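K.L.:
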Amino acid sequence: MARYVEAVAPVESSREPWALPRAVRAVAHFCRHKPLGALGGFLVLVMLVMALGAPWIAHHDYDYSIAGSRMKPPSLQFWFGTDNLSRDLWSRVVYGARVSVTVGFLTIALATMVAVAVGVSSAYIGGAYDMAVQRVVDAWMSFPYLIIILSLMAVLGPGLLNLILSLSVLVAANNARVIRGAALSVMQNPYIESARAIGSGHLRIVLRHVVPNVMATVIILATIGLGGVILAESALSFLGLGVPPPRPSWGSMLAGSGRSYMQRAPWMAIFPGLAISLAVFGFNMLGDALRDVLDPRLRGTGTGPGR
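Residue 39 is where the sequence shown starts when you use this note's numbering, and the numbers rise one by one after that.
So this is what it looks like as structure tokens:
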């Protein structure tokens with residue numbers, strides 16, 4: 039018995055070192071076939087590092103005024119220059135990434151939970167319930183997005199939590215319709231009828247068979263939606279309905295000193311605007327590449343080989 043254990047032990051331990059190379063090969067394959075998606079993933083990773091490591095990456099606190107440094111141009115000392123209140127723009131852009139990441143991920147997380155619950159239940163139950171849910175979603179989506187979000191923010195008022203709640207309602211309504219379509223497709227598969235035939239309960243069927251098979255659609259919607267949420271947050275902050283000052287947001291930086299001093303100190307508008315553009319571009323490219331990889335209808339079709 040001891041000899042048997044000695045002979046088998048090296049075989050078991052030899053499997054583990056292959057786990058990391060396999061993951062590395064998968065990432066290398068993705069980068070090789072989806073270069074724009076890899077670029078988007080890199081930009082997203084940089085944004086996450088900036089958000090999580092803001093206290094260590096930033097040179098100063100976001101609201102700290104440096105004496106004698108009003109509207110200094112970009113230099114080795116001030117990478118992005120300073121604003122009209124002598125604050126380091128690099129530090130404010132870095133802390134602005136934390137606001138965008140917080141709003142983006144919390145909004146998508148809340149909206150995804152609501153959209154999955156509404157979309158899957160609507161597809162599974164069907165009948166009058168499905169009809170009522172879809173009519174409510176249709177009525178909600180018939181209004182322009184800008185009017186909806188401005189109305190919600192006018193009622194709730196500015197603030198981080200209210201901003202997340204308002205954007206979540208908007209995103210959830212749109213995603214619920216898409217997830218319902220994916221769930222209806224899953225419901226046509228024979229294993230759903232087989233699960234019913236062997237006596238599986240409704241909750242077990244939904245959680246065991248329906249939800250896991252719509253997760254590819256959910257991941258794609260979440261990744262692409264993050265870029266849209268960041269752009270919406272910046273737009274609302276630009277209008278004064280987002281995160282209140284002095285907490286920095288890329289949109290509020292554009293609306294305040296960036297717009298007022300655009301001619302005298304253009305870097306005050308260039309760098310926040312560039313941060314918004316790169317963040318939205320990164321999430322869109324990553325989501326587009328993940329769609330090509332995860333959507334079985336697009337595998338092997340040759341669509342977007344460079345995306």
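Quick reminder that beta carbons are idealized off the backbone N, C-alpha and C, glycines included.
The structure displayed is predicted, hence computed values, not measured ones.
Which value, in whole angstroms, describes the spacing of the CA atoms of Gly265 and Pro286?
P.N.:
Translated into positions along the sequence shown, residue 265 becomes position 227. Translated into positions along the sequence shown, residue 286 becomes position 248. C-alpha separation (whole angstroms): 19 Å.
K.L.:
Please report how far the alpha carbon of Ala40 lies from the alpha carbon of Ala155, in whole angstroms.
P.N.:
As a first step, residue 40 must be located in the sequence shown, where it is residue number 2. As a first step, residue 155 must be located in the sequence shown, where it is residue number 117. Note that Ala40 has pLDDT 46, beneath the 50 cutoff, so the model's placement of it is unreliable and the number below is only indicative. Each residue's Cα considered, the two are about 53 Å apart.
K.L.:
Determine the extent of the alpha helix (DSSP H) in which Trp288 is found, giving its start and end residues.
P.N.:
Position 250 of the sequence shown holds residue 288. Its alpha helix (DSSP H) spans residues Trp288 to Met291.
K.L.:
Quickly, what does DSSP pair Ser103 with across the bridge? List them, please.
P.N.:
Against the sequence shown, residue 103 aligns to sequence position 65. Answer by DSSP bridge pairing, in chain order: Arg125.
K.L.:
Check whether the Cβ atoms of Trp128 and Phe118 sit closer than 8 Å, and answer yes or no.
P.N.:
On the sequence shown, position 90 is the one that residue 128 refers to. On the sequence shown, position 80 is the one that residue 118 refers to. Their beta carbons are under 8 Å apart, which means Trp128 touches Phe118 by this criterion.
K.L.:
Going straight from the alpha carbon of Ala121 to that of Gln115, what length do you get?
P.N.:
Position 83 of the sequence shown holds residue 121. Position 77 of the sequence shown holds residue 115. For clarity, residue 121 is Asp in the given sequence; the question names Ala instead. Near 14 Å, if we compare the C-alpha coordinates of Gln115 and Asp121.
K.L.:
Enumerated in chain order, which unbroken segments of the beta strand (DSSP E) with a length of 3 residues or greater are wholly contained in the segment 167-244?
P.N.:
Correct list: empty.
K.L.:
Rounded to the nearest angstrom, what separates Gly106 and Ser124 at their Cα positions?
P.N.:
For the purposes of this step, residue 106 is identified with residue 68 of the sequence shown, where counting begins at 1. For the purposes of this step, residue 124 is identified with residue 86 of the sequence shown, where counting begins at 1. Between Gly106 and Ser124, the C-alpha separation is close to 7 Å.
K.L.:
Between the alpha carbons of Arg302 and Gly134, how many angstroms are there, rounded?
P.N.:
Position 264 of the sequence shown, counted from the start, is the residue given in the question as residue 302. Position 96 of the sequence shown, counted from the start, is the residue given in the question as residue 134. In a straight line, the C-alpha of Arg302 is about 23 Å away from that of Gly134.
K.L.:
Following the continuous alpha helix (DSSP H) through Trp305, name the residue where it begins and the one where it ends.
P.N.:
One-based indexing of the sequence shown puts residue 305 at position 267. Taken as a continuous stretch (DSSP letters only), the alpha helix (DSSP H) holding Trp305 covers Trp305 to Leu332.
K.L.:
Tell me where the alpha helix (DSSP H) around Gly263 begins and ends.
P.N.:
Mapped onto the sequence shown, residue 263 falls at position 225. Met253 to Phe276 is the extent of the alpha helix (DSSP H) around Gly263.
K.L.:
Would you decide whether Met291 is buried or exposed? Buried here means 16 or more other CB atoms lie within 10 Å of its CB.
P.N.:
Position 253 of the sequence shown, counting from 1, holds the residue named residue 291. Buried, because 16 or more other Cβ atoms sit within 10 Å of the Cβ of Met291.
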